[in-house]
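J.: Take a look at this one; I'll ask things after.
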Amino acid sequence: MPTGHNRGGFRYFRHEQPADDERCALTTSSYQLPGMSVGYVRDPMVELRYRRRFLQQWQWHYRRVREVTPWFSLPLFTRMIEYADVMNLWSYPALRLDDAPYVLLVMAGFISTRTASGELTRERFWFDGSVADVGDLWSAGRTVPATLFRVVYRAPLQTPLPTAASIMYWEPVRQVTRLADISVPRVSRSELKSFARFLERYEAQRRTRLSGVSEDWL
452 MPTGHNRGGF RYFRHEQPAD DERCALTTSS YQLPGMSVGY VRDPMVELRY
502 RRRFLQQWQW HYRRVREVTP WFSLPLFTRM IEYADVMNLW SYPALRLDDA
552 PYVLLVMAGF ISTRTASGEL TRERFWFDGS VADVGDLWSA GRTVPATLFR
602 VVYRAPLQTP LPTAASIMYW EPVRQVTRLA DISVPRVSRS ELKSFARFLE
652 RYEAQRRTRL SGVSEDWL
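Counting in my numbering, the sequence shown runs from 452 upward without gaps.
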């Protein structure tokens, strides 16, 4: 709601409920703002279906994220796959794989970036307030797709991570669904090799870990 305060031709707004100020990325004084929650009881069959399809199409998903931010590197992409495994993202029954790269983007938290002039900045991505848990993206009652936002921050001077006081600007993000809308280059040969090495190593470790979990239940 408007505050009645104006400066430089800009109107100022506040939340109707003061408690919402600390929960909102645009007004909070905290740098530890809770993000979208992700966590589901692991369902091996559902997980297998979604995870396999995602990995088969990983180049497409990676390029969609890179279309949004070139600072989302391949090492970060692989770390987020590992994180998604830990949080059982692939076990959500209604998961839409078209949303998966943007979910990883939100799960990544603060990403280090630089402006054209070389200034160190950070950016973070959020879905709108209708998404508290990632499952809200695919709830049966949803009639309008959730909006994805980018918030760009100056490098913080007094806190380990940015707060709302460090915000430079924010903007809605267009989510790409067609290959024709992708302008970033194809995945390079070196990236293909790097991802193949990651997958070979990580999948072996994951199989060992999951076999241990299965034995614990026997």
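Just so you know, even glycine gets a beta-carbon here, dropped at the ideal spot from N, CA and C.
Would you kindly report the start and end of the unbroken beta strand (DSSP E) that includes Met619?
T.: Taken as a continuous stretch (DSSP letters only), the beta strand (DSSP E) holding Met619 covers Ile618 to Val624.
J.: Does the region 518-530 come close enough to the region 542-561 that 3 or more CB-CB pairs lie under 8 Å?
T.: Yes, they touch.
J.: Judging by CA-CA distance, which residue of Gly486, Ser542 and Glu533 is the nearest neighbour of Val497?
T.: It is Ser542 whose Cα lies nearest to the Cα of Val497.
J.: Give me whichever residues DSSP pairs with Phe600 in a beta bridge.
T.: BP columns for Phe600 point to Trp577 and Pro623.
J.: Would you report the Cα separation of Leu680 and Phe576, rounded to the nearest angstrom?
T.: Outside the displayed span of the chain (452 to 669) sits residue 680, for which this structure offers no information.
J.: Could you please give the first and the last residue of the uninterrupted beta strand (DSSP E) stretch that includes Thr529?
T.: Note, Thr529: premise wrong, no beta strand (DSSP E); alpha helix (DSSP H) at Leu525 to Val537.
J.: Please classify Ser617 as buried or exposed, where buried requires at least 16 neighbouring CB atoms within 10 angstroms.
T.: Per the 10 Å Cβ criterion, buried.
J.: If you measure between the beta carbons of Thr628 and Val603, is that distance less than 8 Å?
T.: Cβ distance not < 8 Å, so Thr628 and Val603 don't count as in contact.
J.: With a 10 Å radius around its C-beta and 16 neighbouring C-beta atoms as the bar for buried, classify Tyr501 as buried or exposed.
T.: Counting Cβ neighbours within 10 Å, Tyr501 comes out buried, since at least 16 surround it.
J.: Could you check which residue in Val638, Val582 and Phe600 has the C-alpha nearest to that of Gly592?
T.: Nearest C-alpha to Gly592: Val582.
J.: Short check: CB of Phe681 to CB of Leu548, under 8 Å?
T.: Because residue 681 is not part of the residues shown, which for the chain are 452 to 669, the question remains open.
J.: Pick helix, strand or coil for Ser639, following the three-state DSSP scheme.
T.: Here Ser639 sits in coil by DSSP.
J.: I'd like the span of the beta strand (DSSP E) that includes Arg565, first residue to last.
T.: First-last of the beta strand (DSSP E) with Arg565: Ile562 to Arg565.
J.: Look up Arg605 in the DSSP assignment and say whether it is helix, strand or coil.
T.: In this structure, Arg605 counts as strand in the three-state DSSP scheme.
J.: Name the two residues that bound the continuous alpha helix (DSSP H) containing Arg502.
T.: Note, Arg502: alpha helix (DSSP H), Pro495 to Gln507.
J.: Hey, quick one: how far does the alpha helix (DSSP H) through Tyr417 stretch, first residue to last?
T.: The structure shown has nothing for residue 417, since the chain only spans 452 to 669.
J.: Taking buried to mean at least 16 other C-beta atoms within 10 Å of its own C-beta, is Val537 buried or exposed?
T.: Under this definition Val537 is an exposed residue.
J.: Report back the beta-carbon spacing between Glu622 and Arg652 to the nearest angstrom; my notes put them in contact at under 8 Å.
T.: With 8 Å as the limit, Glu622 and Arg652 do not qualify as a contact, their Cβ atoms being about 37 Å apart.
J.: Nearest to Ala551 by CA position, among Gln508, Arg493, Leu650 and Ser662, is which residue?
T.: Comparing Cα positions, the closest option is Gln508.
J.: Does the separation of the CB atoms of Glu574 and Thr614 fall below 8 Å?
T.: The answer is no: Cβ separation not under 8 Å.
J.: Can you give me the start and stop residues for the alpha helix (DSSP H) that Met487 sits inside?
T.: Looking at the DSSP string, Met487 is not in any alpha helix (DSSP H), and its letter there is neither H nor E.
J.: Leaving out five residues before and five after Glu642 in sequence, what residues of the same chain have Cβ atoms less than 6 Å from its Cβ?
T.: Excluding sequence neighbours, Glu642 sits near Leu525.
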